[in-house]
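Okay, so here's the structure we're looking at.
There are 2 protein chains.
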Amino acid sequence: MKKTKDDSTESNILNAAKTIFQRKGMDGARMQEIADEAGINKALLHYYYRSKQLLFEAVFKSVFSLLAPQLNKALNNDDSLMDKIKNFTKNYISFIIKHPYLPSFIINELNRNPEFVQKLITEKHFPNIEKFKNQINENIEKGKITSIKPEQLFINIMALNIFPFIASPLLKGFLKISDEDYNKLLEERATEVSNFIINALKV
Amino acid sequence: MKKTKDDSTESNILNAAKTIFQRKGMDGARMQEIADEAGINKALLHYYYRSKQLLFEAVFKSVFSLLAPQLNKALNNDDSLMDKIKNFTKNYISFIIKHPYLPSFIINELNRNPEFVQKLITEKHFPNIEKFKNQINENIEKGKITSIKPEQLFINIMALNIFPFIASPLLKGFLKISDEDYNKLLEERATEVSNFIINALKV
DNA sequence: GTCTATAGCCAGATAGAC
DNA sequence: GTCTATCTGGCTATAGAC
Numbered sequence: 018m019k020k021t022k023d024d025s026t027e028s029n030i031l032n033a034a035k036t037i038f039q040r041k042g043m044d045g046a047r048m049q050e051i052a053d054e055a056g057i058n059k060a061l062l063h064y065y066y067r068s069k070q071l072l073f074e075a076v077f078k079s080v081f082s083l084l085a086p087q088l089n090k091a092l093n094n095d096d097s098l099m100d101k102i103k104n105f106t107k108n109y110i111s112f113i114i115k116h117p118y119l120p121s122f123i124i125n126e127l128n129r130n131p132e133f134v135q136k137l138i139t140e141k142h143f144p145n146i147e148k149f150k151n152q153i154n155e156n157i158e159k160g161k162i163t164s165i166k167p168e169q170l171f172i173n174i175m176a177l178n179i180f181p182f183i184a185s186p187l188l189k190g191f192l193k194i195s196d197e198d199y200n201k202l203l204e205e206r207a208t209e210v211s212n213f214i215i216n217a218l219k220v
Numbered sequence: 018m019k020k021t022k023d024d025s026t027e028s029n030i031l032n033a034a035k036t037i038f039q040r041k042g043m044d045g046a047r048m049q050e051i052a053d054e055a056g057i058n059k060a061l062l063h064y065y066y067r068s069k070q071l072l073f074e075a076v077f078k079s080v081f082s083l084l085a086p087q088l089n090k091a092l093n094n095d096d097s098l099m100d101k102i103k104n105f106t107k108n109y110i111s112f113i114i115k116h117p118y119l120p121s122f123i124i125n126e127l128n129r130n131p132e133f134v135q136k137l138i139t140e141k142h143f144p145n146i147e148k149f150k151n152q153i154n155e156n157i158e159k160g161k162i163t164s165i166k167p168e169q170l171f172i173n174i175m176a177l178n179i180f181p182f183i184a185s186p187l188l189k190g191f192l193k194i195s196d197e198d199y200n201k202l203l204e205e206r207a208t209e210v211s212n213f214i215i216n217a218l219k220v
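Chains W and G are the protein sequences, given in the same order. Residue numbers for the first sequence follow my numbering, so the first one is 18 and each next one is one higher. Residue numbers for the second sequence follow my numbering, so the first one is 18 and each next one is one higher.
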């Protein structure tokens, strides 16, 4: 039974809304723009989702639940710590190419509305990093890597992977390089970042 | 001749606008809110700055020119590479405490309007990283640090320092910790980050 | 379910008194 | 230079025809 690609009006709207909200954010997005993107009338947005706020929440949840399993899979498989770091970095790049606006969208909207995190945490597929933390501690005990708080290592991995994408215009400016050259740097990072981290963890 | 703290209406407006625009962004900010913050009437905003767009641009330039010399100072002094990395990390924390919304404001508004970077680059005080890049290359040649592209190291330093502040709600959620505990992690990073980087650079 | 038309509100901007 | 009052346009949301 193939999961057919849903082309109903409702999912058509949701997809259009994802595109626009991710690009413009809640405040910058216009219902008219979403209707245009979906190729339907503005009134239909309200017919299916009642209000801009509710449509936005549907988008946010949908987008977040795209990210969460991805992260869970990366953290909770049976790979060694080193392989996880390597694979995370490599996989992140291909994920971001498909969803370039996703990280800054999530981060910005959570900054606008930090209480929302509490609601997300309770959900079934919210990322769980306990196994990953334990794995780090085991590697430290066995003397395989240098001593570091698992939380700090986790933050470092996220930072090194995500930041270059969300801050690209600023970094392009600082480095004074073209879009093309910047993209080359990003591609190099697929291996550069994991090398950097693994070197930093040497005893 | 003490530079008197300017309390004219014009600078009063600019300060209020900085506060509101940094918190809410261009799209989320309201002129009424800025007027309230400044304790004056909405019409006065237009008297001094003509339009929301022009007020925003004044704010952006002012905020950016707060960041730029800070970065220049950190990159272009005569410290050794290792000292620069240590000091950058340490100083960044105290800077961010004074201006918590600044990095995400700059990054977001540049994402909204990437062409704006070109205008900034031409300005006199735009950060210049050439000296820093040369210093990295010298250290590599002398065998003091492992081989790495200066651009990649620069990105890594920025990422490790800035990201934990702009993504704090998301990271708090992933780590499932309280604001208080997260702030402790951030404080630890004043030394944690430079240790991590310096270890990563060992030959 | 989908459209057109429009209500109702709110934000940015201006006019004009003081 | 600062205020009150108001215009104007745009946006969310709804009413109602088909």
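Using N, Cα and C, we set each Cβ at its ideal position, and we do this for glycine too.
I need the boundaries of the alpha helix (DSSP H) containing residue i, first residue and last residue.
i: G:Tyr-66; result: 59-66
i: G:Lys-90; result: 69-93
i: G:Pro-181; result: 167-183
i: W:Pro-120; result: 119-129
i: W:Gly-112; result: The question names Gly, but residue 112 of chain W in the sequence shown is Phe. Element bounds for W:Phe-112: 98-115.
i: W:Glu-227; result: In the structure as shown, chain W begins at 18 and stops at 220. Residue 227 of chain W is therefore absent and cannot be evaluated.
i: G:Phe-149; result: 147-158
i: W:Thr-36; result: 26-45
i: W:Ile-215; result: 196-217
Report buried or exposed for residue i, applying the criterion of at least 16 other Cβ atoms within 10 angstroms of its Cβ.
i: W:Arg-206; result: buried
i: W:Pro-58; result: The residue you asked about is not Pro; residue 58 of chain W is Asn in the sequence shown. That one is exposed.
i: G:Ala-60; result: exposed
i: W:Ile-123; result: buried
i: W:Gly-56; result: exposed
i: W:Leu-71; result: exposed
i: W:Glu-209; result: buried
i: W:Leu-127; result: buried
i: W:Ile-114; result: exposed
i: G:Ser-185; result: buried
i: G:Lys-101; result: buried
i: W:Ser-195; result: exposed
i: W:Ser-211; result: buried
Could you check the C-alpha separation between residue i and residue j for me, to the nearest Å?
i: W:Phe-81; j: W:Asn-178; result: 18 Å
i: W:Leu-137; j: G:Ile-162; result: 43 Å
i: G:Met-18; j: G:Glu-27; result: Note on G:Met-18: pLDDT 44, under 50, position unreliable in the model; no value is reported.
i: W:Lys-219; j: G:Glu-155; result: 24 Å
i: G:Lys-20; j: G:Ile-183; result: Legend: pLDDT at G:Lys-20 = 43, less than 50; position of this residue unreliable, no value from coordinates given.
i: G:Thr-139; j: G:Pro-181; result: 30 Å
i: G:Leu-188; j: W:Ala-217; result: 21 Å
i: W:Asn-34; j: W:Tyr-65; result: The sequence given here places Ala at residue 34 of chain W; Asn does not occur at that position. Taking the straight line joining both Cα atoms gives about 12 Å.
i: W:Thr-148; j: W:Asn-89; result: Note on identity: in this sequence residue 148 of chain W is Lys, with Thr being the wrong assignment. So the two alpha carbons sit approximately 10 Å from each other.
i: G:Tyr-199; j: W:Leu-203; result: 29 Å
i: G:Phe-191; j: W:Ile-165; result: 18 Å
i: W:Ile-157; j: G:Leu-62; result: 58 Å
i: G:Gln-169; j: G:Ile-214; result: 12 Å
i: W:Lys-41; j: G:Gly-160; result: 47 Å
i: W:Pro-117; j: G:Ser-25; result: 44 Å
i: W:Glu-54; j: W:Gln-39; result: 13 Å
i: G:Ser-121; j: G:Asn-151; result: 29 Å
i: W:His-142; j: W:Leu-31; result: 21 Å
i: W:Asp-95; j: W:Phe-77; result: 30 Å
i: W:Leu-83; j: W:Phe-73; result: 15 Å
For the ligand SAH, I want to know if residue i counts as a neighbour, meaning its beta carbon is within less than 6 Å of at least one of the ligand's heavy atoms.
i: W:Ser-82; result: The ligand SAH is absent from the structure shown, which contains no ligands of any kind.
For the putative contact between residue i and residue j, defined by C-beta atoms under 8 Å, what is the C-beta separation to the nearest angstrom?
i: G:Asn-104; j: G:Ala-91; result: 7 Å
i: G:Asn-125; j: W:Asn-125; result: 6 Å
i: W:Ile-153; j: W:Pro-144; result: Not a contact, Cβ separation roughly 16 Å.
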